[in-house]
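The opening position of the sequence shown corresponds to residue 21 in our numbering, with each subsequent residue numbered one higher.
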Amino acid sequence: DQDQGRLAIAQAHWSTKNYLPQQEAAVWGGLADCYHAGLTQAVGVSNYGPKQLLKVSKFMQNENVPLATAQIQYSLMTYKVATEMNEVCQDIHCRLISYSPLCLGLLTGKYNLDNLPRAGNPR
């Protein structure tokens, strides 16, 4: 909503550590700048693992910016990964939020051995 004046949350969608690691600090700094400029009420990350979440949390603490959320794919098929992320989120006082609770359609009953997802795009 343009009349609101600021976003509820600004979130980095992917960590750049695997393809442009030198850009990671710039992405995090951009989120911190948005927070300090009053453009967003909170900042968060998506698709970060536990180690990267700890790194971004420390960065945000140094910038006096509370890290509000960490979003991960969460379903019955990804539960084990979520357990570790939940522990880290509790340690750094960050909310864990999820997406794709039906595992990109795999848990909907839509697929079976005679009707498999297309290669490269399970939806």
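Note that the Cβ used here is the ideal one computed from N, Cα and C, for glycine as well. Keep in mind that this is a model prediction, so the values were computed, not measured.
Item                                                                                                                                                  : Value
Going by DSSP, what residue range makes up the beta strand (DSSP E) through residue 45?                                                               : Segment 44 to 56 is the alpha helix (DSSP H) holding residue 45; no beta strand (DSSP E) there.
Please look up how many angstroms separate the CB atoms of residue 115 and residue 98, rounded, as I've assumed it's under 8 Å.                       : Contact flag wrong, Cβ pair sits at about 18 Å.
Whose C-alpha, out of 53, 68, 37, 46, is nearest the C-alpha of residue 117?                                                                          : 68
Which same chain residues end up closer than 6 Å to residue 48 when comparing Cβ atoms and leaving out the 5 residues on each side of it in sequence? : 76, 79
To the nearest angstrom, how far is it from the Cα of residue 41 to the Cα of residue 72?                                                             : 11 Å
For residue 102, which option in 91, 111, 112 has the closest C-alpha, if you only look at C-alpha atoms?                                             : 91
With burial defined as no fewer than 16 other Cβ atoms inside 10 Å of the residue's Cβ, what is the status of residue 131: buried or exposed?         : exposed
Return the bridge partner residues of residue 91 from the DSSP annotation.                                                                            : 66, 117
Buried or exposed: where does residue 55 fall if 16 or more other Cβ atoms within 10 Å of its Cβ makes it buried?                                     : buried
Could you spell out where the alpha helix (DSSP H) holding residue 139 opens and where it closes?                                                     : Premise fails: residue 139 is in no alpha helix (DSSP H) and is neither H nor E.
Determine the closest residue to residue 60 out of 28, 100, 123, with distance taken between C-alpha atoms.                                           : 28
Using alpha carbons as the reference points, say which of 135, 93, 128 lies closest to residue 120.                                                   : 93
So for residue 31, helix, strand or coil by DSSP?                                                                                                     : strand
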